[in-house]
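Read the structure below first, then the notes.
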Amino acid sequence: MNLESLKNRFGSKIIVYLKTGAMLFATGIFMLWTYHKAERLEKQLEAKKVEMESFAAMRKEYVIEQANIVPLEKKFFLPLSQQSPGAIIEEIGGQIGLRKNIIAFKPIEEKLEKGYMQNGVEINIEGATLNQIANLVYRIENYKNLLIIKEFLIKAQFNNPELFDITMRVILMSKPA
1 MNLESLKNRF
11 GSKIIVYLKT
21 GAMLFATGIF
31 MLWTYHKAER
41 LEKQLEAKKV
51 EMESFAAMRK
61 EYVIEQANIV
71 PLEKKFFLPL
81 SQQSPGAIIE
91 EIGGQIGLRK
101 NIIAFKPIEE
111 KLEKGYMQNG
121 VEINIEGATL
131 NQIANLVYRI
141 ENYKNLLIIK
151 EFLIKAQFNN
161 PELFDITMRV
171 ILMSKPA
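No gaps in the numbering here: position 160 of the sequence shown is 160 in our numbering, and each next residue is one more.
Below, the structure written as structure tokens:
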């Protein structure tokens, strides 16, 4: 064997080994790069799933709120009662036996808020039973037009704890004329 043939033989093996090593190194780098990409995409997918769950929860809340608003909206678009909020409350009070217990009406300034006219009254009622209060609130909420109780304060009477004094603000919502 001569020196030249030995050189060619080992030189070609070294080149093959170097090429094989380079291919393995490139394959390793490619695998690491694809693993990194896949991991990043999985994180993005997880974030999108969380976002979709959040969106689904907000949609469900919206549907529930919309279902609650529809009856109020129907009341809002009915023809407006020609009575003032005080007269309406007095009429409701008469129906449940509270007319004589209503001691004061104080009109609240009419104002336009968020595109809706608010006409209200502050009412003081003395000596009402819990049953009468429940009936009053029920009838106000179920009045044909949109009546809203803005404030409601109830205190038991000192001399008779079964009777209560009420101060409340009731607003009649309407479309501006």
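Backbone N, C-alpha and C define an ideal beta-carbon position, used for all residues, glycine too.
Suppose you measure from the CA of residue i to the CA of residue j; what does that come to, to the nearest Å?
i      : j      : result
PRO85  : LEU130 : 22 Å
THR167 : TYR62  : 33 Å
ALA26  : LEU32  : 10 Å
GLU90  : ALA47  : 57 Å
ILE154 : ALA57  : 36 Å
GLY115 : GLU109 : 16 Å
PRO107 : ILE123 : 9 Å
GLY28  : THR20  : 12 Å
ASN68  : LYS49  : 29 Å
Count the other C-beta atoms from every protein chain shown that fall within 10 angstroms of the C-beta of residue i, then say buried if there are 16 or more, exposed otherwise.
i      : result
GLY93  : buried
GLY120 : buried
ILE171 : buried
ALA38  : exposed
GLN157 : exposed
ILE149 : exposed
LEU45  : exposed
LEU18  : exposed
LEU112 : exposed
LEU136 : buried
Is the CB-CB distance between residue i and residue j below 8 Å?
i      : j      : result
ILE125 : LEU98  : yes
ALA128 : LEU163 : yes
MET117 : SER54  : no
Between residue i and residue j, which are expected to be in contact by the criterion C-beta below 8 Å, what is the C-beta distance as a whole number of angstroms?
i      : j     : result
GLN132 : ILE88 : With a Cβ gap of about 17 Å, GLN132 and ILE88 do not count as contacting.
Find the nearest neighbour of residue i within the set the options, judged by alpha-carbon distance.
i      : options                        : result
LEU146 : LYS175, GLN82, LYS75           : LYS75
LEU72  : ASN160, ASP165, PRO161, ASN142 : ASN142
ILE102 : ASP165, GLY28, ILE15, MET23    : ASP165
GLU151 : ARG169, ALA104, GLY21          : ARG169
LYS144 : ASN68, ARG40, GLN82, GLU42     : GLN82
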